[in-house]
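Q:
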Amino acid sequence: MPHLLHIDSSPRSDRSHTRRLTADFVQRWQDQHPDGTVTYRDVGRNPLPHVTEEWIAAAFTPPEERSPAMQVALQLSDELVDELSQADVIVAGIPFYNFGMPSGFKAYVDQIVRIGRTFLFDPHNEEAPYTPLVHGKRMIAVISRGDGGYGPGGRNEKHNHLDPHLRTVLRFIGIDDLEIVAAENDEHGGTDLANSLESARETLLELAQYSHC
Ligand SMILES: Cc1cc2nc3c(=O)[nH]c(=O)nc-3n(C[C@H](O)[C@H](O)[C@H](O)COP(=O)(O)O)c2cc1C
1 MPHLLHIDSS PRSDRSHTRR LTADFVQRWQ DQHPDGTVTY RDVGRNPLPH
51 VTEEWIAAAF TPPEERSPAM QVALQLSDEL VDELSQADVI VAGIPFYNFG
101 MPSGFKAYVD QIVRIGRTFL FDPHNEEAPY TPLVHGKRMI AVISRGDGGY
151 GPGGRNEKHN HLDPHLRTVL RFIGIDDLEI VAAENDEHGG TDLANSLESA
201 RETLLELAQY SHC
């Protein structure tokens, strides 16, 4: 039974393009996978806490040595990592903010990139000190940008720090199978926006058809 994790991170509700696009993806995915199950996590309207000093100390303490307070500090992170682990497919709506990811999604990333849970670190292995622990996931990142030309060869390509950041951090924990689908021109509106949204939607519907695990 395939399982989909649906994440939204726009603080906007009805006006959010990423929310509408991820919803279209989920609907098509459910049509295609009637036996599939979906978990929804909204880190845009229900922001996650940033990591704290207590969180960091707990994460870098071996599990068997953690105090009850340390376990509490990691409770939400554990829940988020478990949620991610259970998914075969992840669809995440990510608005493009100040040339990168919004802080709501970054807080999510900081909670799930966890030593001992989603990656291992061995300082004695100089060649490859980091080992990813997440396997077999397919992720679709749904991005919306206000301006245009951030794609390959575009006039803003060099300012697009979101795509490379996502690819690096997700590969670090083992999510190599990443599709990035972007709509652009929210700030320009008109047919440029409409065409971009339609093209992103068509790509997503196609991906939903073939994304099971
Ligand atoms: C705080 C903030 C920062 C933004 N920074 C950028 C930016 O650097 N480049 C850009 O093209 N658009 C930028 N935008 C526009 C958003 O990317 C655009 O409105 C997008 O559609 C937001 O996603 P949503 O529709 O899902 O809310 C920014 C918007 C906000 C609110």
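Reminder that position 133 of the sequence shown reads as 133 in full-length UniProt numbering, one-by-one numbering, no gaps.
Glycine included, each C-beta is placed from N, C-alpha and C at the ideal position.
Quick one: is Ile143 buried, meaning 16 or more other Cβ sit within 10 Å of its Cβ, or exposed?
A: Residue numbering aside, residue 143 sits at position 143 when the sequence shown is read from its first letter. Under this definition Ile143 is a buried residue.
Q: Using only the heavy atoms of ligand 1, determine whether one of them is closer than 7 Å to the beta carbon of Ser144.
A: The sequence position of residue 144 within the sequence shown is 144, counting from 1. True, at least one ligand heavy atom lies under 7 Å from that Cβ.
Q: Determine whether the beta carbon atoms of Pro47 and Ala87 lie at a separation below 8 Å.
A: Walking along the sequence shown from the start, residue 47 turns up at place 47. Walking along the sequence shown from the start, residue 87 turns up at place 87. No, these two residues do not count as a Cβ contact at 8 Å.
Q: Tell me where the beta strand (DSSP E) around Phe121 begins and ends.
A: In the sequence shown, counting from the first residue as 1, residue 121 sits at position 121. It spans 119-121 - the beta strand (DSSP E) in which Phe121 sits, taken as one unbroken run.
Q: Spatial neighbours of Val109 within its chain, please: CB distance less than 7 Å, with the 5 preceding and 5 following residues excluded, ordered by chain position.
A: Against the sequence shown, residue 109 aligns to sequence position 109. Counting only Cβ-Cβ distances below 7 Å, and skipping sequence neighbours, we find Val169.
Q: For Gly116, I'd like the list of residues in its chain whose CB is within less than 6 Å of its CB, leaving aside the five on either flank, ordered along the chain.
A: Here residue 116 is taken as the residue at index 116 of the sequence shown, counted from 1. Result list for Gly116: empty, nothing under 6 Å.
Q: Taking only three categories from DSSP, how would you classify Val134?
A: Position 134 of the sequence shown, counted from the start, is the residue given in the question as residue 134. Three-state result, Val134: coil.
Q: Given a cut-off of 8 Å, decide if Ala141 and Ile94 are closer than it, judged by their beta-carbon atoms.
A: Indexing the sequence shown from 1 puts residue 94 at position 94. Indexing the sequence shown from 1 puts residue 141 at position 141. Against a cut-off of 8 Å, the Cβ pair of Ala141 and Ile94 comes out as a contact.
Q: If we ignore side chains and look at the alpha-carbon of each, how far apart do Thr39 and Val81 end up?
A: In the sequence shown, the residue the question calls residue 39 occupies position 39. In the sequence shown, the residue the question calls residue 81 occupies position 81. Their Cα atoms are separated by approximately 13 Å.
Q: Do the region 123-133 and the region 156-175 touch if we need at least three Cβ pairs shorter than 8 Å?
A: Segments in contact, yes.
Q: With DSSP as the reference, please indicate the residues paired to Ile7 in a beta bridge.
A: Against the sequence shown, residue 7 aligns to sequence position 7. Ile7 pairs with Arg41, Ala92.
Q: Look at the alpha carbon of His3 and the alpha carbon of Gln75, and state the distance between them as a whole number of angstroms.
A: Translated into the one-based positions of the sequence shown, residue 3 becomes position 3. Translated into the one-based positions of the sequence shown, residue 75 becomes position 75. The alpha-carbon atoms of His3 and Gln75 are separated by roughly 22 Å.
Q: Quick check on this structure: which residue in Arg167, Asp192, Phe105 has the alpha carbon closest to the alpha carbon of Asp147?
A: Residue numbering aside, residue 147 sits at position 147 when the sequence shown is read from its first letter. Minimum Cα distance to Asp147 is reached at Asp192.
Q: Tell me whether Glu187 sits in a helix, a strand or coil according to DSSP, three-state version.
A: Walking along the sequence shown from the start, residue 187 turns up at place 187. Three-state DSSP puts Glu187 in coil, outside helix and strand.
Q: Short check: CB of Ser10 to CB of Gly44, under 8 Å?
A: Sequence index remark: in the sequence shown, residue 10 carries index 10 (1-based). Sequence index remark: in the sequence shown, residue 44 carries index 44 (1-based). A contact, by the Cβ cut-off of 8 Å.
Q: Between the alpha carbons of Thr52 and Gly190, how many angstroms are there, rounded?
A: Taking the first residue of the sequence shown as position 1, residue 52 is located at position 52. Taking the first residue of the sequence shown as position 1, residue 190 is located at position 190. Distance between the alpha carbons of Thr52 and Gly190 is about 43 Å.
Q: Distance, Cα to Cα, Ala182 vs Asp42?
A: Translated into the one-based positions of the sequence shown, residue 182 becomes position 182. Translated into the one-based positions of the sequence shown, residue 42 becomes position 42. Going from the Cα of Ala182 to the Cα of Asp42 covers about 19 Å.
Q: May I ask you to list the residues that DSSP assigns as paired with Met1?
A: Position 1 of the sequence shown, counting from 1, holds the residue named residue 1. None, per the DSSP bridge assignment.
Q: Which whole-angstrom value describes the C-beta separation of Ile112 and Ile7, a residue pair presumed to lie in contact below a C-beta threshold of 8 Å?
A: Here residue 112 corresponds to residue number 112 of the sequence shown, with the count starting at 1. Here residue 7 corresponds to residue number 7 of the sequence shown, with the count starting at 1. Incorrect: roughly 10 Å between the Cβ atoms, too far for contact.
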